[in-house]
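This report refers to the structure that appears directly beneath it.
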Amino acid sequence: MEIKSIGIVGAGQMGNGIAHVMALAGYDVMLNDINQETLSAAMETMARNMDRQVSREKISADEQKNALGRITTTTTLTDLGQTDLVIEAATERETVKQAIFEDLIPHLKPSTILTSNTSSISITRLASRTDRPERFMGFHFMNPVPVMQLVELIRGIATDEATFSACKTVVDRLNKTAASAEDFPGFIVNRILMPMINEAVYTLYEGVGNVKSIDSSMKLGANHPMGPLELADFIGLDTCLAIMNVLHDGLADTKYRPCPLLTKYVEAGWLGRKTQRGFYDYRGETPVPTR
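In short: position in the sequence shown from 1, add 630, done, that's my numbering.
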């Protein structure tokens, strides 16, 4: 299975990051989103991020120009049908992902590999709703995609070896590192990371420490580059809550129960950096803790 063209569903933070690295690696990329403004913003973000790479001599100006030239955008999902590999990077809601696959499947080539960038949802269950469970798998990039080295590759119960090998070849071409994870809720990274973030929110909720003291303690005491509450804001509190709910429902263990304070922030629409308020308020020149 030689992959030459990549279709990406969703032009948000993850989708445009995936498009960025794929184009730099020489793949032809078609980026889809339902919103033209989101697509335009994604192209601007990729150009700006590549400008930064040029200034740091990570890539040349010609490499940037060629990469941006390999990316086309479309608001029509079915345009992705002729690509060799489709990576779904839509919102972390299973019903949304299933609807995307159902709309896309009739237009795919028989050989197209279908993947999801989900950070926690069952690959086997997603695959079972498609016409190609043997050519379906999880392709989970870390955020921010151009910076982070790891990609989790998750087989569903029906995923065949040729599909896994083809996706592993793509990861190698990106000069990233693949980790093979079993299809259990949260896979590897989020199975470990999200309960830590949730516990940090409980620590705040119970008054053990405030936002600043919790983040400072983990940065200075555990040598983490970002505090857990700062990281939650960066990921998006709605995404953190969605993953915790998947862990709680899928593993049926109370230790994965989402903290009520996390739920309250999401209900308030305080989702972190993307809404300018979360555990920090980002509307000023410097972030200010909200608790």
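Virtual Cβ for every residue (Gly too), placed ideally from N, Cα, C.
| How many angstroms separate the CA atom of Ser795 from the CA atom of Ile743? | 11 Å
| For Thr793, the first and last residue of its enclosing beta strand (DSSP E) | From DSSP, Thr793 is part of no beta strand (DSSP E) but of the alpha helix (DSSP H) over 791 to 803.
| query | Buried or exposed: Asp868, going by 16 or more other Cβ atoms within 10 Å of its Cβ? | reply | buried
| query | Does the distance from the C-beta atom of Glu722 to that of Thr745 stay below 8 Å? | reply | no
| Since Val922 and Val777 are thought to touch, with beta carbons under 8 Å apart, how far apart are those beta carbons, to the nearest angstrom? | Given a span of 631 to 921 for the chain in the structure shown, any question on residue 922 remains unanswerable.
| field | Start and end residues, beta strand (DSSP E) containing Ser635 | value | 635 to 639
| said: Nearest by alpha-carbon distance to Met644: which of Met772, Asn805, Leu881, Asn696 is it? | reply: Met772
| task | Kindly identify the DSSP beta-bridge partner or partners of Phe766. | result | Leu744
| field | CB contact flag (Phe731, Thr760, <8 Å) | value | yes
| What is the C-beta distance between Val841 and Thr725, in whole angstroms, given that I count them as a contact (C-beta under 8 Å)? | The Cβ separation is near 33 Å, so there is no contact.
| message | Give me the residue from Ser670, Ile664, Met676 with the minimum Cα distance to Leu710. | response | Ile664
| field | Unbroken alpha helix (DSSP H) run spanning Met824, endpoints | value | 819 to 835
| Going by the beta-carbon positions, is the gap between Gln666 and Thr705 smaller than 8 Å? | yes
| Does DSSP put Val781 in a helix, in a strand, or in coil? | strand
| Does the beta-carbon of Thr713 have 16 or more other beta-carbons within 10 angstroms, so that it is buried, or is it exposed? | buried
| said: Checking the sheet assignment: what are the DSSP bridge partners for Thr807? | reply: Leu780
| Whether Phe909 touches Ala872 by CB criterion (8 Å) | no
| query | Quick one: what's Met660 bridged to in DSSP? | reply | Gly637, Thr702
| field | Leu756: first and last residue of the uninterrupted alpha helix (DSSP H) it sits in | value | 753 to 758
| query | How big is the Cα-Cα spacing for Ile701 and Met824? | reply | 33 Å
| said: Three or more C-beta pairs under 8 Å: does that hold for the stretch 781 to 792 against the stretch 807 to 817? | reply: yes
| request: Please check the pair Phe817 and His854, which I expect to be a contact at CB under 8 Å, by giving their CB distance rounded to whole angstroms. | output: Not a contact, Cβ separation roughly 20 Å.
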